Structure formats: structure tokens, C-alpha cells
Amino acid sequence: MDWSTGGGGTRRLRHFLPVVLLWMSLHRHVLCCSPSSCVLMLTENQGAFTSPCYPQIYPNSQACRWTMQAPAGFIIQLSFLDFDLEEAPGCIYDRVLVNTGKTDVKFCGPTANGLTLNSTGNVMELSFNSDFSVQKRGFSVSFRHVAVALRNQKVTISHGNGQVTQVSGSVSIPTLSHLTLCFELERTGNKKKEWIFTYSDSSNNVALSLGSDNSGMKMIVDGVECPIDSILSSANFTSAMKPFCVLWTSSNGRVAAYFNGNYSTKSCSASSGHSVPGGGQFKLGGQQSFNGNIYNLRLWDYAMTLPQLNALSCDTVGNVIDWDNNHWSIQSSIAQTDTSLSCICFPHCIHLTTAAPTSGVSPPSNTPLTPSCDSPGLGCPASSSSSSSSPSSASFSPLTTPPAQSTDSTNTIHATNAITHVPSPITTSASTILTTSMPLTPAIITTSSSSTSSSTSSSSSSSALQTTSSTTTASSATTNLPATNPTTHEGLLFKASFQVEGGAELSQDQLERAVGLWLNQTFQNWTQAVYVDSVSVQPGVQKEGTPTSYSCQALLLYYYISNQSVGGAELSNRLSGSGGAMGAGLQLDPASTQVTLIENCPEENPLHYRWPESRPTVTQTLPCFPNKEQSTSRTCLISPQNLSSYWSVADISNCTDIDTIEVSAENAAEVAVQLAVITDNELSEEEVSKVVSKVKQLVAVARINSSLAETVVTIISNVMTSSESTRAATADKALKTVDELVQKMEFQGSSISITSRHLAVGISTLNTSAFNGTSFSAFMAPNSTHPQIDFEAERSHPLAQVLLPPSLLSGVSPSEAEHLSRINFLFFSSTTLFQKEQHGRSLNSYVVASSVGNFSIRELTEPVEITIAHLSDQPNLHPVCMFWDFSMNSGVGGWSPDGCRVSADSTSNRTVCLCDHLTHFGILMDISGAAAFTDPQNNRILTFITYIGCGISAIFSAATLLTYVAFEKLRRDYPSKILMNLSTSLLFLNLVFLLDGWLASLQPDWLCLCVAVFLHYFLLTTFTWMGLESIHMYIALVKVFNTYIRRYILKFCILGWGLPALLVGIVVAVDKDSYGVREYGRGNSGESSKFCFIKNSVVFYTTCVGYFCLVFLLNVAMFIVVMMQICGRNGKRSNSTLREEVHKTHNNNNKRSNRTLREEVNKHTTTTRGATAH
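Residue numbers (full-length UniProt numbering): 1 to 1174.
As C-alpha cells, then:
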């Protein structure tokens, strides 16, 4: 068309152009948005993304896809932070499609806003599609990786190649004398040799293993092979995942297997008395690993009974090893998530108090929704066990039974008659608590449109509160239950409290009924299954002119449904929103309504027991200590006063006490084994004393063979691992028991040695007519933790050695020699039974003892030579040979040097003693800081004197300071100001010192650190101001003229307070552990006093002793210079006028300075001596 020749084209352009401009204006914000690529693979552990151009409207015709991938063992959790798409039926236009792994979920409109989804695997995909027309704001989402609980995964038993599955190093495996090990196993291939698991000790020896070889199925325990083909064979392991349990008991060597509900046992006598050593490494497989997958492997340190095995559930936690990520080190490539596993929980095991994904979107239908818990908590299954030092089982004391439901959506429940409980008075106060318990188990009725049937229960529900009951009648009501059929029911307990007014004319019974019925009716016709268990009504505080008021508390029971949950806020809103009128003239105060979840009873860990965190009304059961065949129980109760949870007193009436164990010659071996098991645990001081008394009684009545003697030595060794506070009460009795043991022991051959971790015993036969001297030595064999005894052989560098001279029996008469048949040798690698400090000396060696039968060998002409290694090299200290005298310290025992001397052949790491008698020998070293080992009596006296002196010093320092502060004329000159600073430093030094001992006994370590730092600081400031006093005296008396210094006192203060702060700051920065608790005054009982100060001797001698010496030398030097100046002034100056002028100017200051210096040096010296001594 020719635009120049006609106006029609121009007119058409003029009409078309505004339309184009209008379209561009309406869509300018879309056209200005240039969306980036929206097809992405996201592998980071958390992040976020949005629709294109968000928060502006998204462009049309978009096809986006975000793929989120996590490592194996993780799932993706996706949360919609904002969501606004075009809404249409079936989301046929704009839509978001989320693939959770096995299912696609579609969203449009605002439906996904606030929704959280979880993937079934480690990959989740989100797709977004928009059409050509309507656009909205779009969406914003966040995602993160969530670790899948190990109970959702099975693990392939690997064959090496760097993929070994083993127990984490943070899991400590104790020594086991009983065990139960359960697992589930499926086979993927066959082998002639296959091992399911292997546990190796610290020396890499196989201590526990299960598997098979050419000879059949076997279990290895402490290196002993126990054939178990008759009770469990490799053919029992099939391609289907099945549970198995194996058990072992040390006392009788019995091995047991449990699977398919069958319990079979087999004796393995060779393993009797053995134990699986602790501190090793547990791994799946072995040299020839089993071909297959393993699941839910758990280990307990006791042998379960058949009822316990039958009651074993998914939530029973292994108290040594559990199937939990924290217990295992597993390569992600060999862990497989499997929804068919027996104990799976979706999507990961959490407390049921956390709501599962909702908002109208259900998880995939083929994914199990049965919830479970990693640890007990509200909403967790009530029948559970928890990790503890002993096995625990829990029984739930139900407040009610969960209401059953049919699938008919019109089902109704008719409430039963109300039941009122009136408790006995809890307090003697005038206010009476009225308790009403409402029905908890309504009868279940199925209704149709034409008829309704009902049944009424007349029985009372069991209440957590201990109350007496009386029954009244109430009208029935109807409650509509949710139409859904929940997969699980769990009861949560809530405490509701509120205030009501009115009802002054009501009797007590009428008041109870009115409040109870109102509560019961409030939760009727609600979609949640909430029931009232009990109500307490207590008269409130009455004020003149105000209506009668009552304080009410109610125990509410809410049955948790797996895909629904309510909290205290919803329940509180239900109560306050029901209206103020309660009927019978009562009025609710909505503002007073408060509903809170009743907390679990917390975990408690008294000695020998670990009571796990438990829900209210749950009774936990643990095996008794020491007899695990018996049980003790404890219940988490609800207080009737305030409806809070608390632990009841543990019922130990069924448990056997050590004192009640009867000992006779017939059962001595059995009792010894039992005591060995008991002492393998941490014991209290009282229990240690009981064990030692029982062992002494056992040795006295029993015939001691080598086997019984070995068990007794093990018991004594175990006792020696107890705390030092038990030493005084048990040491004398334990040592005499060992002496009696070696005298009574019966053995065959020329010698016998028995070893344990802390005690080694050697006995050699003695031929008195042919005796020509002998020797014993103790040494530590390679890869062994038990000291060994060697007879006769000359060993290089033994731990201890005793050389008996040929003249040993020279003082023994022929009649006495006839009764001598043995020489005994004892080596103690632990010194727990002996006093470690005495008279400023410290025990620094092992202890060795030797005796000839029960005959006393004394005043030998040729000495016994005892060589003992030091526990630590002490080249500059002086060793002293001593023996243990049972008669010292009122029969408790102590070290005596009589009859022993140190040989010249001694070295820095071992001492040779020459003694004229036989007994227990040890080496005591002279040590620094002898005040730490002052005997208790002198320590008390010195402490008393020190505290009195420091208290007086603090009082007069404060008096001096207050005097100068109060009288302004006194503090005008320089010496007065210096004296005020010195007095301030001394005051704080004394105060910190006086508080130090008390603060050291408190628990926080940081508190003791702060006290030690301040004590060190004020000690240095006191030294510094002493030095500044002398410097000022020098300036005033020697530099008389032209000595004006600007800001004189300010510079002194910077030096007096700043220099010590710098030194202390350097010490803290380099090593703050230089400060801490120091002990002093340790007595025979092992008790000592504590004091917070410098622990590092280098820091002490450098910053305290060295600093003091420098200040002291400075003072001495200043004193000498000043004295020389004063003495030489008469010869140098003849001008009396000048001398008088100088004398008048400085005489008062000099006197005051010298007097002050003398007084404060004396005061400081006393304080310093007290502080450094401690």
C-alpha cells in the first residue's frame, strides 16, 4: 500500500498504536523481568528458590524443574514459604508438581502455602508449569537435607575395600561377663566361611564373633570357640530378613539362641569364668564376611530372660550398642533405605509431639505411617525401654483405654455417668481441695439414621491421682468423633487451670458436679478426642464485696492421632471460647484459663541405675544391682497438688544387699564369682567396705584352691580401683585378707603365680634344709595389662625385685623351721590401699611385699635387697625406703623407715633398699610444697593462725584506708597517697585469700580460675607498691632538689596497678590452666583442703618468688643508698641553714615513709607467707 497517496493507512495506524501502547503498559513489569534458567540440579544441604520473577508475577508459558538431591542416608524436606498460583479444578492451567520419590503431588491456587513435604528417598523434584494467560505472584520455597534415622536403613555387610562398618569411637564398650546381642539378617549369597560380626580387643585379638566355617556355626568368646550348630545354624539365615538373638553368660558358660519364638541353650564350659574385654572395636563381618544385609543390631551387657526376649520391641534401646547413627560409622554407599523393615518410621524417627506433614496433603500411601521414637517422650509408645547401665522396661499405667472407632462416619459416643472422687485431705489448712474425676472410657456406639443404641459403663477409670471415690449420677451427652480412622492412639496429659466465680449457695457436691460436667461437655462435639480425668476445686482468696471464687485444676487426657495434633493453646482456646457461663450460677474467668503439657520425668542417674526420661504414669523397671535376675521399679507420678510430674521412690525391696549374701565353705566359689561381678562396677564407699568384709569372711571359712584364690585376687584388684576416700576404711582389712589368702592357698608344684590388673601374687615352696637364697621379680609382659611374677630368673629392669639372702633362716629354730613351707611374694601395681603422703614425703613407687609363711623375720645380719621402680623419674629428690607398719595410726597403718636404708646402687628411676626384715616396702620421696602434706592436726592449727592474721590485717588495712579517706588533710602529700594504694592492695589481697578456701569447694571451674587470678594479681600489686614506696623514699631523701615529676602519683598508679595486670594477663593468655585447685593438708583418710592459686611451679617461681626477690633487692638497695646519704650528709654539707631547711622540709615525710614502710613490709611479709604457703 502506498502510504503517501492516501489517508486510510494513516488512520489505521492511528487506531492500532494506542492498543499496542496499552498492552505494553499493562505488561511492562513482566517484559522488564528476564527470568534466569529454572532447570537446576540442587545438591547443597540447604537452600531456597523461587518461581521466575518472584515476587512479581511469573511469565506465561514457563516450564521449570528443580531437582534436589541429598547424599545417601538423607531425605529432602521442602517447605513452601509463599504460594499463589492460578486456581483451577484439577490444576489444569498453572501448577506445581512435587515428586516425593514414589508419588506426585499437584498444587495450585493458595493451597500449598505453609506446607512442608518430605521425600521418601534422597531425591525430590519440583516442576512448575504456567499457561499463556493468567499469571500470579508465584511461590518461594526452602529445602534442607534431613538425616534418616538408622532404623529406616539396612546395611550391607562389607568385604573390606575401605567400606568397613564399625561402631563409632565415641561408644565405649565395657568388659562384658554377660551379654545379649540381637539383630535382623538377610542372606544374598552363600559361603563356606562367613562371619556376621567381629569384636577385637585392644591387642587386635578376636574377643567376640559369630559365624560359621567348615566345622559349623560357632560363637567366639574371649578367644574360646563355642560350637552352637545344635541351636543355630547357617541354614537359618535366609533371603528373608529375620530377627535373631544370641546370649552368653560367664558364670556357667551357657550360650543361648532365640529366633522364631524358640529359645535354645548350649553349654560352653570352656568359656566359663571368661569375660569379653572392654575398650575394643566392634565391626560387621570379619576376615570372611557374611554375604547379606544386617539391620537393627543391638547389644546389652546382661543376659535377657525369655520373658524379656518375648517383650523385646523396636524401641528397646541397646545399652551398649544401639542401631542409631550416633553409635555407628557407616559408609553411605552401603546403607539402604527400605520401607519393608520391621522397625521403620516415616520419614524419620521423631517425637510424636511434632506434627507430621499436613495441610491437606498426605504422604505416599505406600509409605508406612506408624510413628515411633528415638527416645521416650510424650506421645511415644508407652511400652518402651531406654538406654541405661542396666536394661529397663516401661509399663504404662493407663488413665484410660483409647476409644475404639468404627469406619462409619456417623459414629457417636454417649458419655457414661460422671464419677466423682473426693481425696483425703492433703494439707491441714482450712481450704479443702475437692477432686472430681470424669469418665475416661466412654462406651462405643455404632449408630444408623434410624436407630441409636447406647451402653453405659459404671466402672471408674484408673486415675493417676491417689483418691478415694464416691459415685454420683450425671446426664449423658453425645460426642461426634472424627471420621478418620487413626493408625495409632497415644495419650498426652495436659494441666488445665482456671478461675470460676459464683456458686456461693452450692453445696460441695453440687460444685464438684457443676465444674466436672461443664468440662466434660466443653470437649464434646469436638473433632479431637479429649477427656477429663480429674478435677480439683479449691476455694480462692475471698475479699469483701467480691463474688465467691474458686481455683480449679483439671487433668486432661488427649488421645493423639498420628496425622493430627493439638497443643495447650488449642485446648486453652477451647475452654475460654466456650462462653463464660458454666451453669449452676458459676461464671468462668476466660483470662485465667491456661493449659500446659505435663512434662516428662527427667532422666536420673544414681549409682548403678539409669532411670530414663519417662512420661507420666509410666513405670520403669530395671535389673537390680548386684543381682540382675531381680528387678527394681520406679513410676513417674503426677502430683495431686499441682499436677506436675515427679519420680516416685525406687522400689528396691526385691533387690539383694551385699550384707545379706551368706558365705559358707560349700558356696564360697559361687559367692566369690558374684563378688567379682559386683566389684567390676563403680561402688560407693559403703559398698566397698561391705565387699571387703565379705571377702575376709569368705577367706576365713573356705578351703582356698587356686581357682578360688584367683577370683579373690581379682576382687581385691577391683577394689583397688575405687576412689581414695575408701582407702582408710578398707585398706587394713584388705591387706590382712590378702596375707591370710596366701597362707591358706593350696596348690600343686613348686610354685604358683596369680595375676590381676592391680595385684600379682607369687608363692614358692620352701625347703628349709637346702635353702640358699632366692629371688622374686615382677614385670609387665608385652601387650599385657597385668603384672607377671618370675621366680629365680634375673630380669633386666623389673618393676620390682626381692633378693632373699642365704642367711634368711639363720635366726629360725629347728622346731620353727618344720612349720615353714612357703615364701610369699606380693606386688601392688596400684597404691590405692596405701597412704600416699606422709610428713612431707610422697609415695613414688610400686609396693612390694614378701614373707616366709606366717613367721616374722627380723634383725637379719645380711639384709634383704629390694629393688623398686619409681612411678616417675625424680632426679633431684631424695628417696627414703620405708615399710608398711600395721600398728601405726591406731591400727590403720602407716609408713615407717625402721630397719631400712637406701643403697648406693640406686638410680633416678629405681631405688635399691636394704632392710633387715620382711614386710610391705615402698619408696617415699621428699617433695616440694611440703605444706600440701602437713598432717591434719598441724594443718588445722596453721590454718587457724593464718586466717586470724589475715583477718586482723584486713581490718587494719581497711581502717587505715578509711582514715585517710575521711580526713582530707592527711592525704595531701605523696607518701599518704602511696600508702592508700598499698593499703587498698593489702585489703583486697586479704579478702580474696579469706574467701579462697570456700570458693574452691564450689563446683564451677571458672570460678576457681577467677579467684586464683585475682589472688595472684593483688599479691603482685602489693609487692609492686612496696617497691614504689622505696623508690619514693629514694627520690625524697637522695634526690632532694630538682626532682619535680609531672603527674607523679598517676605514673605510680599506672606502674603499681598496670604492671601486675600485664604479668597476670600474659600468664592467662599463654596457659590459663596454670591456675586452678591445689590440695594441701592431706591426712591418712585421704581427705584434704582445697585452695585456688597457681598450679604451674614455673609460673609460681617466676612471677611470685622471682618478682618478690626483685622487689626485695630493690628495697634493700634503696635502703642502703638512703642510709649512705643520711650518714654522709654531715660531712658533705656544712651549711647549717641548708641542713635545717632540708630537715624541716623532709623530716616528717621521711619519718612517715620509713615508719609506713616498716609497718607495711611486716604486714605484707606475714600475708605473703600465708598466701604462698597455701
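Built from N, CA and C at the ideal position, the CB exists for glycine as well.
None of these values were measured; they are calculated from a predicted model.
Outcome for residue i when other beta-carbon atoms lying within 10 angstroms are tallied against a minimum of 16
| i | result |
| --- | --- |
| D905 | exposed |
| L622 | buried |
| S390 | Bear in mind that the predicted position of S390 carries a pLDDT of just 44, short of 50, making it unreliable; the figure below should be weighed with that in mind. Its Cβ being crowded by 16 or more others within 10 Å, S390 is buried. |
| N520 | buried |
| Y302 | buried |
| K1051 | exposed |
| D1073 | exposed |
| G1128 | exposed |
| T765 | exposed |
| P606 | exposed |
| Q287 | exposed |
| D657 | exposed |
| F197 | buried |
| C1109 | exposed |
| Y646 | exposed |
| G280 | buried |
| A504 | exposed |
| H878 | exposed |
Collapsed DSSP secondary structure at residue i in the structure displayed
| i | result |
| --- | --- |
| H878 | coil |
| K969 | helix |
| D104 | strand |
| L42 | strand |
| T400 | Confidence is the limiting factor: at T400 the pLDDT is only 43, short of 50, which leaves the residue's position unreliable, though a coordinate-based value still follows. The answer is coil: DSSP assigns T400 none of H, G, I, E or B. |
| W1025 | helix |
| C913 | strand |
| F1108 | helix |
| P897 | coil |
| W526 | coil |
| L26 | Confidence is the limiting factor: at L26 the pLDDT is only 44, short of 50, which leaves the residue's position unreliable, though a coordinate-based value still follows. In the structure shown, L26 sits in a helix (DSSP, three-state: H, G or I). |
| A72 | coil |
| T67 | strand |
| A781 | coil |
| P89 | helix |
| K736 | helix |
| Y550 | strand |
| residue 1183 | Outside the shown range of the chain (1 to 1174) lies residue 1183, about which nothing can therefore be said. |
Enclosing beta strand (DSSP E) for residue i [first to last residue]
| i | result |
| --- | --- |
| S689 | Premise fails: S689 lies in the alpha helix (DSSP H), 685-701, not in any beta strand (DSSP E). |
| Y199 | 194-200 |
| R187 | 178-187 |
| Y531 | 530-539 |
| T864 | For clarity, residue 864 is Val in the given sequence; the question names Thr instead. Per DSSP, V864 belongs to the beta strand (DSSP E) from 864-869. |
Residue i, enclosing alpha helix (DSSP H) - first and last residue
| i | result |
| --- | --- |
| M980 | 974-1000 |
| T175 | First-last for T175: undefined, no H or E at that position. |
| Q153 | From DSSP, Q153 is part of no alpha helix (DSSP H) but of the beta strand (DSSP E) over 153-156. |
| F1100 | 1097-1100 |
For residue i: DSSP bridge partner residues
| i | result |
| --- | --- |
| G502 | L586 |
| Y646 | L637 |
| H797 | The partner list for H797 (beta bridge, DSSP) is empty, contrary to what the question assumes. |
| S592 | DSSP lists no partner for S592. |
| I763 | I752, N824 |
| G114 | Beta-bridge pairing links G114 to no other residue. |
| R1078 | F1091 |
| R95 | N129 |
Can you list the beta strand (DSSP E) stretches of 3 or more residues lying completely in the segment 604-644, in chain order?
618-623, 631-638
Runs of alpha helix (DSSP H) lying entirely within the segment 287-338, each at least 4 residues, in chain order:
306-310
What are the start and end residues of each continuous beta strand (DSSP E) run of 3 or more residues lying completely inside the segment 219-283, in chain order?
224-227, 242-249, 254-259, 262-267
Counting only runs that start and end within the segment 1050-1078, where is the alpha helix (DSSP H) found for 4 or more residues in a row?
none
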